[in-house]
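> If you use our numbering, the sequence shown closes out at 599, no skipped numbers anywhere.
We treat Cβ as the ideally placed atom computed from N, Cα and C, and that holds for glycine.
Okay, handing you the structure first.
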Amino acid sequence: MNNLEIALKGIKIASNILDIPEPSIYFANSNELPNNELTAVFRHKDYEIIFNEDWLTKVPWIEVMVTCFHECRHAYQAYSVKHNLNESKETLDNWNNDFNTYNMPSGTLDEKEDINYLNQSIEIDAIIWTHIKIKELFKVKTIVPESIKKYLY
């Protein structure tokens, strides 16, 4: 199975776990994305995930699966906000605000430069949920940014 097929399968698995409709899935070259370092992006208004096709060809399958779970968690957040379900009003309000005032990662892969991105409630939730699920299902620990580790324990 190649990484493109793993991406499709990973979205299906994560969507089933989260009990949400599968988002639309697209593939784009890295130069078509907001920055070259993006592995994928979830667009909440269109309920779609766009994968960096250049990145997909270079990474181990588990990295693809981690990205699928992370982006599907964003789909879960958007679905929950849109339908006002699954989470508390406070959480849904925070997620809605984050989607509408989203801070993109810098593209430098530097946690200090990405602090505004990492401090968003939707990113904290997606990183933690993904870490827990990948560890549970695949027995692999993901890399969690230092600023988010405090939310794990």
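1) May I ask which residues mark the beginning and end of the alpha helix (DSSP H) holding Tyr563?
2) What are the start and end residues of each continuous beta strand (DSSP E) run of 3 or more residues lying completely inside the region 479-512, in chain order?
3) Taking three-plus beta-carbon pairs below 8 Å as touching, is the region 454-463 in contact with the region 503-517?
4) Identify whether Ser534 lies in helix, strand or coil by the three-state DSSP scheme.
5) Over what stretch of residues does the alpha helix (DSSP H) that includes Ile580 continue unbroken?
6) Find the nearest neighbour of Asn519 within the set Glu451, His490 and Trp501, judged by alpha-carbon distance.
7) Checking the sheet assignment: what are the DSSP bridge partners for Ser470?
8) Report all residues from its chain with a CB closer than 7 Å to the CB of Asn549; omit the five preceding and five following residues, and keep chain order.
9) Excluding five sequence neighbours on each side, which residues of the same chain lie with their C-beta closer than 6 Å to the C-beta of Thr485?
10) Going straight from the alpha carbon of Asp465 to that of Pro551, what length do you get?
11) By the three-class DSSP mapping on this structure, what secondary structure does Asp544 have?
12) Which residue wins for smallest C-alpha separation from Asp556, given the options Lys587, Glu483 and Lys528?
13) Report yes if the CB atom of Asp492 is closer than 8 Å to the CB atom of Gln523, and no otherwise.
14) Pick out whichever of Ile578, Phe545, Glu582 and Ser593 has its Cα sitting closest to the Cα of Asp560.
15) So Gly456 is in the alpha helix (DSSP H); what residue range does that whole segment cover?
In short:
1) For the purposes of this step, residue 563 is taken as the residue at position 117 of the sequence shown. First-last of the alpha helix (DSSP H) with Tyr563: Ile561 to Leu564.
2) 486-489 and 494-498
3) yes
4) Residue numbering aside, residue 534 sits at position 88 when the sequence shown is read from its first letter. If DSSP states are grouped into helix, strand and coil, Ser534 belongs with coil.
5) Locating residue 580 in the sequence shown gives position 134, counting from the first residue. It spans Ser567 to Phe584 - the alpha helix (DSSP H) in which Ile580 sits, taken as one unbroken run.
6) As a working note, residue 519 is residue 73 in the sequence shown. Per the sequence presented here, residue 519 reads as Arg, with Asn not at that position. When each option's Cα is compared against that of Arg519, the closest is His490.
7) Position 24 of the sequence shown, counted from the start, is the residue given in the question as residue 470. Answer is Glu494, bridged to Ser470.
8) By one-based count along the sequence shown, residue 549 stands at place 103. The answer, listed in chain order, is Asn562, Tyr563 and Gln566.
9) For the purposes of this step, residue 485 is taken as residue 39 along the sequence shown, with counting starting at 1. Non-local C-beta neighbours of Thr485 in its own chain, meaning closer than 6 Å and more than five positions away in sequence, comprise Asn498, Trp501 and Thr513, ordered along the chain.
10) Against the sequence shown, residue 465 aligns to sequence position 19. Against the sequence shown, residue 551 aligns to sequence position 105. Cα to Cα, Asp465 sits roughly 28 Å from Pro551.
11) Indexing the sequence shown from 1 puts residue 544 at position 98. Helix at Asp544.
12) In the sequence shown, residue 556 corresponds to position 110, counting from 1. When only C-alpha atoms are compared, the closest one is Glu483.
13) The residue you call residue 492 lines up with position 46 of the sequence shown. The residue you call residue 523 lines up with position 77 of the sequence shown. At least 8 Å separates the beta-carbon of Asp492 from that of Gln523.
14) The count along the sequence shown starts at 1 and reaches residue 560 at position 114. When each option's Cα is compared against that of Asp560, the closest is Ser593.
15) The sequence position of residue 456 within the sequence shown is 10, counting from 1. Its alpha helix (DSSP H) spans residues Asn449 to Leu464.
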